[in-house]
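Colleague:
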Amino acid sequence: VAVSINPRETSQLAAAKKQNYLSELGKPGADAGWHFLVGDSSQSATLAQALGFGYRYDEERKEYAHAAAAFVLMPDGTISRYLYGIEFNPRDLKLALLEATDGKIGSTLDKLILYCYHYDPQAKGYVLFATNVMRIGGAICALALGICVAILWRSERNSRARRSSLTIHPHLTGNRR
2 VAVSINPRET
12 SQLAAAKKQN
22 YLSELGKPGA
32 DAGWHFLVGD
42 SSQSATLAQA
52 LGFGYRYDEE
62 RKEYAHAAAA
72 FVLMPDGTIS
82 RYLYGIEFNP
92 RDLKLALLEA
102 TDGKIGSTLD
112 KLILYCYHYD
122 PQAKGYVLFA
132 TNVMRIGGAI
142 CALALGICVA
152 ILWRSERNSR
162 ARRSSLTIHP
172 HLTGNRR
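The numbering of the sequence shown is the working numbering, which starts it at 2 and goes up by one.
Next up, the structure:
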């Protein structure tokens, strides 16, 4: 959802902006899930306050001054992540959405990637979290070692079974004492 804070903007302008963004995006069907909303100043102010989004009208420039940000919300409406800027790294946006849905969207690989990355407000994006990467590496090494030990144990067991089947037992040859 894109929301205008300018009460002078109309639904026609919002529709035109939506078409502009959709043509730049170039993804068929994206129009059904992307809404551009306008409202009066009290509605915009209430929403901005609920989101913690500050803005003010600059009388000299005749425009609204505000930070550029995207808010990623969880299904219950709780703010999951603030993404600042006018362009967003596709990986950061994808991870923010995955995080907001508590892993309910995305593939297993996406969830593994989210486990390896954490949001860093200073970096204003998702950064590699070395501790979790090392945990995954340790688990993979332990699994590989376990598989190798199991293969060697089974091979040794099969080798002993072959050797014992080649031994001639006295009761099988008919020489009884």
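All residues carry an ideal CB built from backbone N, CA and C; glycine is no exception. As the structure is a computational prediction, the values presented were derived from the model and not from experiment.
For Ile80, which residues does DSSP report across the bridge?
Modeller: The residue given as residue 80 occupies position 79 in the sequence shown. Answer is Leu74.
Colleague: Return the chain-ordered ranges of every alpha helix (DSSP H) run that is complete within the stretch 135-164 and spans a minimum of 4 residues.
Modeller: none
Colleague: Counting only C-beta atoms, is Thr102 closer than 8 Å to chain C at any point?
Modeller: Protein chain content of the structure displayed is limited to a single chain, and chain C is not contained in it.
Colleague: Could you check the C-alpha separation between His36 and Ser5 for me, to the nearest Å?
Modeller: For the purposes of this step, residue 36 is taken as the residue at position 35 of the sequence shown. For the purposes of this step, residue 5 is taken as the residue at position 4 of the sequence shown. Straight-line Cα distance between these residues: approximately 11 Å.
Colleague: Look at Ala101 and Arg82 and say whether their C-beta atoms are less than 8 Å apart.
Modeller: If you number the sequence shown from 1, residue 101 lands on position 100. If you number the sequence shown from 1, residue 82 lands on position 81. It is a contact, given that the beta carbons lie within the stated cut-off.
Colleague: Using the Cα positions of Gly55 and Cys149, report the straight-line distance between them to the nearest angstrom.
Modeller: For the purposes of this step, residue 55 is taken as the residue at position 54 of the sequence shown. For the purposes of this step, residue 149 is taken as the residue at position 148 of the sequence shown. Separation of Gly55 and Cys149 (C-alpha to C-alpha, rounded to the nearest whole angstrom) is 59 Å.
Colleague: Output the distance between the C-alpha atoms of Ala97 and Val73, rounded to the nearest integer angstrom.
Modeller: Start at 1 with the first residue of the sequence shown, and residue 97 comes out as number 96. Start at 1 with the first residue of the sequence shown, and residue 73 comes out as number 72. Ala97 and Val73 have their alpha carbons spaced roughly 7 Å apart.
Colleague: Within 10 angstroms of the Cβ of Gly147, are there 16 or more other Cβ atoms? Answer buried if so, exposed if not.
Modeller: Numbered from its first residue, the sequence shown carries residue 147 at position 146. By the neighbour-count rule (16 or more Cβ atoms within 10 Å), Gly147 is not buried but exposed.
Colleague: Tell me, to the nearest whole angstrom, how far the beta carbon of Tyr127 is from that of Arg92; I am working on the premise that it is less than 8 Å.
Modeller: As a working mapping, residue 127 is identified with position 126 in the sequence shown. As a working mapping, residue 92 is identified with position 91 in the sequence shown. The pair is a contact, with the Cβ atoms about 7 Å apart (cut-off 8 Å).
Colleague: Under a three-way DSSP split, which group does Asp103 fall into?
Modeller: The sequence position of residue 103 within the sequence shown is 102, counting from 1. In this structure, Asp103 counts as coil in the three-state DSSP scheme.
Colleague: Determine, using beta carbons only, whether Leu84 and Ala70 come nearer to each other than 8 Å.
Modeller: Position 83 of the sequence shown holds residue 84. Position 69 of the sequence shown holds residue 70. Going by C-beta atoms, Leu84 is nearer than 8 Å to Ala70.
Colleague: Whose C-beta lies closer than 6 Å to the C-beta of Ser156 among residues of the same chain, with five residues either side of it excluded?
Modeller: As a position in the sequence shown, residue 156 is number 155, starting the count at 1. For Ser156, where only same-chain residues beyond five positions count, there are no Cβ hits under 6 Å.
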